[in-house]
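Working notes for the structure below.
Written out as structure tokens, the structure is:
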């Protein structure tokens, strides 16, 4: 019985926190954010912090991660980012429009590097909500369902800031836009980040998100991103996750795409204590395409859970998913992918694959690929494998004089490269390749000249 | 493609052929479920004392449990108090030859297309017919007894071999394993019991046919199969139920225990009344089937052809405890009209070098939903284990659904697990290819469907494969065999 009490207590802690912070939250937030808080909070109260009894969190135990007494940031705190820190996380030779966020708050002193085309906006969500609530009224909290996931509900209840990206009609942003999320605080911190991306008709953009921690405090980062892609638009969304072992990162990304649009998501999880990536794509127009790629490298006691859903609501669309995991030490990995073809979404072509390499007997992989198909003229398939390296291929390399260690490296690199090669930004691709190689060699996997001696 | 559509609709719309009621007097106890009912069943069956404890334990646990809701099924609420939990044909005398059997009963089997005599004479199958819960006829018992094989109803086994039953019952499926298993443990009326002694290879295929006959009686079968060291048995189970408008509940439990180097092959053809075209009536089939490969190098294989029942909830499983043990699951599930099926398998690897295979073929038509749900779990100690799963779904029109929910959990590096699933319809290019070679569309569809399920049907014993083909209701001219 004590366990149950504890769990309830845990949810109660967060519920009472919201009640305490309520006034502060409502007082200096724009209405467009406030109007959703109450409903979202009710949804959170109904569901509580997810336990493993929640089918969607069957393989991820969040409870212990929510135990510490966290500091919440309901107001923007002045932080100074030293240039060295920023540049250590930069991708060399990559021209980007760079923006920083600290603990989920848009960094006010952002130095604009590069200029976005006219009409394109990359701003603080809070600021946009204050100055231009009209656009948020139309899009904010429209696809992030608070009833289905308690953490999305909690985010919506607590949301203050994050980034807002808007690309107007027919504007093509050539250089990628890079957003660096940093966690930096004086004590254990719970950060809430809320983002909104709107890509208008015929527009095109690439967004690179890098997640970092800058000190050794414990963090829970609960972020929700809504992405709207209009007709004929293109959007590439890359996430590079590189955080220390006492970070819990929960990222919920909701995408709605229209006719003839295209989205590609790449989630590269290099390092992190517990990472949970929710990705839900609603294909809401004909002839659209969604590509989802993911890689995860785990060791120690790390845990990474990718939870994807693709909903084919309209006919003649394609979706494609490849997720690959390499698990070492006592790490645990989970993948859950669902393809849902709605009735009458004929001529759908949906594909999903999840391959996993276990390097030790203590690592565990749990995978749950799912198909829910309600239309007949479709081609849907999924595959999942868990195993070790192909012995024949190993043998082949050995017969050619490659020593075992090197052969293993070649094989693992090749394993990951299938996903890496899908990255369209060349410099990023090379950088990721390099990072993966380092990661696999067991070298420090965070950015090469990071000066923090975190427990990596 | 109208030609093709017509054939598809012909194929998927034929009516249930086995809907009839055998007019045999039955002894039914009052509707409702409480401890007294459990006691009454125990008394009526004159069981040993330990069974009362077993039943009451299960009943008390069941009362605290909730009906599972996780399946991809829409189950209308079931009133467990409006069901009669015991129905036995009044005529209880044992027969020594077929002539003595009630002609009505013989007629029933003839309508079913399983001529008992023919089977007895030609196929050499011993049939333990379970009609509304009480074993009426056991054939070939003597032949089997010579080898030391015990094949009888579980009620007889409780009278004649209580120690054996006591030792093994509830081991594969504990009383409170799940909601329906607990219900079954509390009120099961009859079923089959089979014990193959050490080193014996059962000379014939053992078989039972279940029929649900009296209206409004749930059927709660319990089957227990024990294969001792180095033995082999192939067991067939076939099920049909007459046409009834009210939904009937069927919650069976099958337990298999395979000891060292033993092999058990369990085949099922299930063709219970699926309800009419509008989804009215039909059987609710909530079955718990589990085999334990307890001994080293033992093997359990499940083969099932599921064409009937309004709702199917069934996951034959293997728990591979012994090193080098093998589990197999082969399934064809066909759903039509408003049928719903959520079926699949669980393979739990505990011993070293254990292997399992899952082949599941789903065919959906009408407005039905057909789901595969399975679990492959490799425990950290189950080194060098291997699993291969393949789940294919075929959709015959645009109003049905096919779903796949596999769960894979791997806990060590030397094991290899592969899963693949595809969903598609019969390709126009496939039909075109056949047409091009002078095969008309009807034959082409037959060929493709036949080829699609062949992998599984091949695992069935010959007579069963033929019946299964019939049950698939696909006109396959000249290709049966």
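Protein chains in written order, with our numbering: chain A, 1 to 456; chain B, 457 to 937.
No residue lacks a Cβ here, since even glycine has one placed at the ideal position from N, Cα and C.
- Beta-carbon to beta-carbon, residue 853 of chain B and residue 376 of chain A are separated by about 6 angstroms, close enough to satisfy the 8 angstroms threshold.
- Secondary structure at residue 342 of chain A: coil, using DSSP grouped into helix, strand and coil.
- Residue 527 of chain B has a beta carbon lying at 9 angstroms or more from every beta carbon in chain A.
- Among the CB atoms of chain A, one or more fall inside 9 angstroms of the CB of residue 874 of chain B.
- Chain order gives no chain A residues near residue 761 of chain B, where near means a beta carbon separation below 7 angstroms; the closest approach is about 22 angstroms.
- The DSSP-derived three-state label of residue 74 of chain A is coil.
- Around the beta carbon of residue 707 of chain B, a 10 Å sphere encloses 16 or more other beta carbons of the protein chains shown; the residue is thus reported as buried.
- Rounded to whole angstroms, residue 884 of chain B and residue 374 of chain A show a C-alpha spacing of 19 angstroms.
- For residue 255 of chain A, the enclosing beta strand (DSSP E) covers residues 247–257.
- At a C-beta separation below 7 angstroms, residue 486 of chain B has no neighbours in chain A, since its nearest C-beta there lies roughly 38 angstroms away.
- Taken through DSSP and simplified to helix, strand or coil, residue 421 of chain A comes out as coil.
- In this structure, the beta-carbon distance from residue 866 of chain B to residue 366 of chain A falls below 9 angstroms.
- Between residue 301 of chain A and the set A:246, A:180, A:29, A:433, the nearest pair of CA atoms involves A:246.
- Among the residues of chain A, none has a CB under 9 angstroms from the CB of residue 642 of chain B; the nearest is roughly 26 angstroms distant.
- Along the segment 361–395 of chain A, the beta strand (DSSP E) occurs as fully enclosed runs of 3 or more residues at 364–373, 379–387, listed in sequence order.
- With the rule of 3 Cβ pairs closer than 8 angstroms, the segment 303–322 of chain A counts as touching the segment 350–364 of chain A.
- For residue 690 of chain B, the three-state secondary structure derived from DSSP is strand.
- Taking a Cβ-Cβ threshold of 9 angstroms, none of the residues of chain A is close to residue 752 of chain B; the smallest such distance is about 21 angstroms.
- For residue 810 of chain B, no chain A residue has a Cβ inside 9 angstroms of its Cβ, as the nearest lies near 15 angstroms away.
- Taking residue 835 of chain B as the centre and dropping the five residues before and after it, the same chain places the C-beta of 805, 806, 867 closer than 7 angstroms to its C-beta, in chain order.
- The secondary-structure analysis by DSSP pairs residue 893 of chain B with nothing; it has no beta-bridge partner.
- Remark: C-beta atoms of residue 72 of chain A and residue 21 of chain A approach each other more closely than 9 angstroms.
- Around residue 867 of chain B, the beta-carbon contacts reaching into chain A at under 7 angstroms are 364.
- Inclusion of residue 295 of chain A and residue 310 of chain A in the CB contact set at 9 angstroms is not warranted, their separation being larger than that value.
- By the criterion of a C-beta distance shorter than 7 angstroms, residue 406 of chain A is surrounded by no residue of its chain, once the five residues flanking it on both sides are discounted.
- Just so you know, the alpha carbons of residue 145 of chain A and residue 152 of chain A end up roughly 7 angstroms apart.
- In this structure, DSSP gives residue 498 of chain B a helical state, which the three-state scheme calls helix.
- The alpha carbon of residue 361 of chain A has as its nearest neighbour, out of A:331, A:342, A:344, the alpha carbon of A:331.
- Within the segment 839–863 of chain B, contact with chain A at the beta-carbon level (separation under 8 angstroms) is assigned to 839, 849, 851, 852, 853, 854, 855, 856, 857, 858, 859, 860, 861, 862, 863.
- Put simply, of B:735, B:879, B:822 the residue whose alpha carbon is nearest the alpha carbon of residue 349 of chain A is B:879.
- In this structure, residue 872 of chain B and residue 839 of chain B do not form a Cβ contact; the two beta carbons are roughly 11 angstroms apart against a cut-off of 8 angstroms.
- For residue 763 of chain B, no alpha helix (DSSP H) run applies, since DSSP gives it neither H nor E.
- At least one beta carbon of chain B lies nearer than 9 angstroms to the beta carbon of residue 372 of chain A.
- In this structure, residue 235 of chain A sits near residue 204 of chain A, with a CB-CB distance shorter than 9 angstroms.
- Per the coordinates, the alpha-carbon of residue 248 of chain A lies some 30 angstroms from the alpha-carbon of residue 389 of chain A.
- Under the 10 Å beta carbon count, residue 486 of chain B is surrounded by fewer than 16 other beta carbons and is classified as exposed.
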